[in-house]
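Residue numbers (the UniProt record's numbering): 1 to 278.
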């Protein structure tokens, strides 16, 4: 049985990934700053800024899923958010490399494109937004994700590690769907109305562990539809009329962020939609 280490295992997505791994027959250990009463796996309290401590905790792991991070440019000083996220990302990959761990999955973010938290909103250069779209963050959190992707690429080059960065859209649970207000489409404009069900996000992590060798270095992980009951073409015409480079004719409520590459290389398919709960 393979053992997978999950950093941030006590968190929202981390705990879902651990449960999905266990259901798929993996051994799991959680690395976090706190333990969770909801988990039934080995739990280690680890300071990810301490490389030696982290290397000790990763002993015996066959792969690592790195999800620990401050998840938004909020509540802490920007410099602290950036330093925390970047140092922990580097240390996880450095420790894995020292131990001969050759597979890693990193939680990146759609925020790396820059739209979500920009102080002054700006439009995408083209739609649908695929992995080749420029990453133009305007704040510490999105920038930390760009740096972590570059760090993963460096480890891929240096030592043959295969690290896949998953650019998650807003991760949502079934309970959170009740708070969506489809009659207010402007609420989700800055995130391009994109999201991913937490179950599909967890499945994407498993798929990246299984098929990472054939995957691109970074992949959008998003639902097939938008967080609106408006047709996507109407959303564009109403909220982004300045985006003239439309590389697809959107059908119905089709997502503005492309997940095609993840589907093709990870053999993954999002299964859940918020609209089923409304």
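Backbone N, C-alpha and C fix where the C-beta goes; we use that ideal spot for every residue, glycine too. If you're wondering where the values come from, they're calculated on a predicted model, not measured in any experiment.
- Query: What are the boundary residues of the alpha helix (DSSP H) that includes residue 161?
  - Reply: Counting from 1 along the chain shown, the entry for residue 161 is found at position 161. Residue 161 -> no alpha helix (DSSP H), and no H or E assigned at all.
- Message: Taking 7 Å as the threshold (C-beta atoms), are residue 99 and residue 58 in contact?
- Response: On the chain shown, residue 58 is found 58 positions in, with the first residue counted as 1. On the chain shown, residue 99 is found 99 positions in, with the first residue counted as 1. Their beta carbons are under 7 Å apart, which means residue 58 touches residue 99 by this criterion.
- Item | Helix, strand or coil at residue 271 [DSSP, three-state] | For the purposes of this step, residue 271 is taken as the residue at position 271 of the chain shown. Residue 271 falls in the coil class under three-state DSSP.
- Message: Could you give the first and the last residue of the continuous alpha helix (DSSP H) run that contains residue 80?
- Response: Here residue 80 is taken as the residue at index 80 of the chain shown, counted from 1. Here the alpha helix (DSSP H) through residue 80 covers 78-98.
- Can you tell me where the alpha helix (DSSP H) with residue 17 in it begins and where it stops? By one-based count along the chain shown, residue 17 stands at place 17. From DSSP, the alpha helix (DSSP H) with residue 17 extends over 12-23.
- Query: Apart from the five residues on each side of it in sequence, which residues of its chain come closer than 8 Å, Cβ to Cβ, to residue 301?
  - Reply: The structure shown does not extend to residue 301, since the chain is modelled only from 1 to 278, so the question has no answer here.
- Go ahead and label residue 56 buried or exposed: buried means 16 or more other beta carbons lie within 10 angstroms of its beta carbon, across all protein chains shown. As a position in the chain shown, residue 56 is number 56, starting the count at 1. Label assigned to residue 56: exposed.
- Name the DSSP bridge partner or partners of residue 101? For the purposes of this step, residue 101 is identified with residue 101 of the chain shown, where counting begins at 1. DSSP lists no partner for residue 101.
- Compute the beta-carbon to beta-carbon distance between residue 216 and residue 261, rounded to the nearest angstrom, for a pair I have assumed lies under 8 Å. Here residue 216 refers to the residue found at position 216 when the chain shown is read from its first residue. Here residue 261 refers to the residue found at position 261 when the chain shown is read from its first residue. That belief holds up - the Cβ atoms of residue 216 and residue 261 are roughly 6 Å apart, short of 8 Å.
- Buried versus exposed, by CB contacts within 10 Å (16 or more), residue 150: In the chain shown, residue 150 corresponds to position 150, counting from 1. The residue is exposed, with fewer than 16 neighbouring Cβ atoms inside 10 Å.
- Message: Check whether the region 245-252 and the region 163-183 are in contact - that is, three or more C-beta pairs closer than 8 Å.
- Response: no
- Item | Span of the alpha helix (DSSP H) around residue 207 | Stepping through the chain shown from its first residue, residue 207 is reached at position 207. Residues 198-211.
- Query: In the DSSP assignment, what residue or residues form a beta bridge with residue 7?
  - Reply: For the purposes of this step, residue 7 is identified with residue 7 of the chain shown, where counting begins at 1. BP columns for residue 7 point to 31, 66.
- According to the neighbour-count rule (16 or more other Cβ atoms, all chains shown, within 10 Å of its Cβ), is residue 178 buried or exposed? What you label residue 178 is simply residue 178 of the chain shown in a count that begins at 1. Its Cβ having fewer than 16 others within 10 Å, residue 178 is exposed.
- Pairwise C-alpha distance: residue 258 and residue 219: For the purposes of this step, residue 219 is taken as the residue at position 219 of the chain shown. For the purposes of this step, residue 258 is taken as the residue at position 258 of the chain shown. So the alpha carbons of these two residues sit roughly 9 Å apart.
- State the Cα-Cα distance for the pair residue 161 and residue 268, rounded to the nearest angstrom. On the chain shown, position 161 is the one that residue 161 refers to. On the chain shown, position 268 is the one that residue 268 refers to. Each residue's alpha carbon lies about 22 Å from the other.
- Can you name the residues that DSSP bridges to residue 254? Position 254 of the chain shown, counting from 1, holds the residue named residue 254. 225.
- Query: Is it right to say residue 237 is buried, meaning 16 or more other beta carbons lie within 10 angstroms of its own, or is it exposed?
  - Reply: For the purposes of this step, residue 237 is taken as the residue at position 237 of the chain shown. It is exposed - the Cβ of residue 237 has fewer than 16 other Cβ atoms within 10 Å.
- Task: Give me whichever residues DSSP pairs with residue 108 in a beta bridge.
- Result: Against the chain shown, residue 108 aligns to sequence position 108. Answer is 167.
- Query: What three-state label does DSSP hand residue 44 in the structure shown?
  - Reply: Position 44 of the chain shown holds residue 44. Residue 44 falls in the strand class under three-state DSSP.
- Message: If you follow the alpha helix (DSSP H) that residue 261 is in, where does it begin and where does it stop?
- Response: If you number the chain shown from 1, residue 261 lands on position 261. Where residue 261 is concerned, the enclosing alpha helix (DSSP H) stretches over 260-266.
- Report the three-state DSSP secondary structure of residue 154 (helix, strand or coil). Against the chain shown, residue 154 aligns to sequence position 154. Helix.
- Message: For residue 235 and residue 185, what's the separation of their Cα atoms in angstroms?
- Response: As a first step, residue 235 is located in the chain shown; it is residue number 235 there, counting from the start. As a first step, residue 185 is located in the chain shown; it is residue number 185 there, counting from the start. Roughly 8 Å between the two C-alpha positions.
- Could you give the distance in angstroms between the alpha-carbon of residue 109 and the alpha-carbon of residue 71? Working through the chain shown from its first residue, we reach residue 109 at position 109. Working through the chain shown from its first residue, we reach residue 71 at position 71. Answer to the nearest angstrom: the Cα atoms are 9 Å apart.
- Beta-carbon proximity list for residue 66, same chain, < 6 Å, skipping 5 on both sides: Counted from its first residue, the chain shown places residue 66 at position 66. So the qualifying residues of the chain are 7, 92, 106.
- Query: Opposite residue 218 in the DSSP bridges: which residues?
  - Reply: Numbered from its first residue, the chain shown carries residue 218 at position 218. Partner(s): 165.
- Query: Measuring CA to CA, which of 244, 146, 240, 196 is closest to residue 227?
  - Reply: Taking the chain shown and counting its residues from 1, the one referred to as residue 227 is at position 227. Taking only the C-alpha atoms, the option nearest residue 227 is 196.
- Task: Please go through the same chain and pick out, in chain order, the residues whose beta-carbon is closer than 7 Å to the beta-carbon of residue 76, but skip the five residues on each side of it.
- Result: Start at 1 with the first residue of the chain shown, and residue 76 comes out as number 76. Around residue 76: 70.
- Identify the continuous alpha helix (DSSP H) that holds residue 192 and give its terminal residues. Counting from 1 along the chain shown, the entry for residue 192 is found at position 192. First-last for residue 192: undefined, no H or E at that position.
- Message: So, under 8 Å CB-CB, residue 29 and residue 63 are touching, yes? Tell me the CB distance rounded to an integer number of Å.
- Response: By 1-based counting over the chain shown, the position of residue 29 is 29. By 1-based counting over the chain shown, the position of residue 63 is 63. Actually they do not touch by this definition, with Cβ atoms about 11 Å apart.
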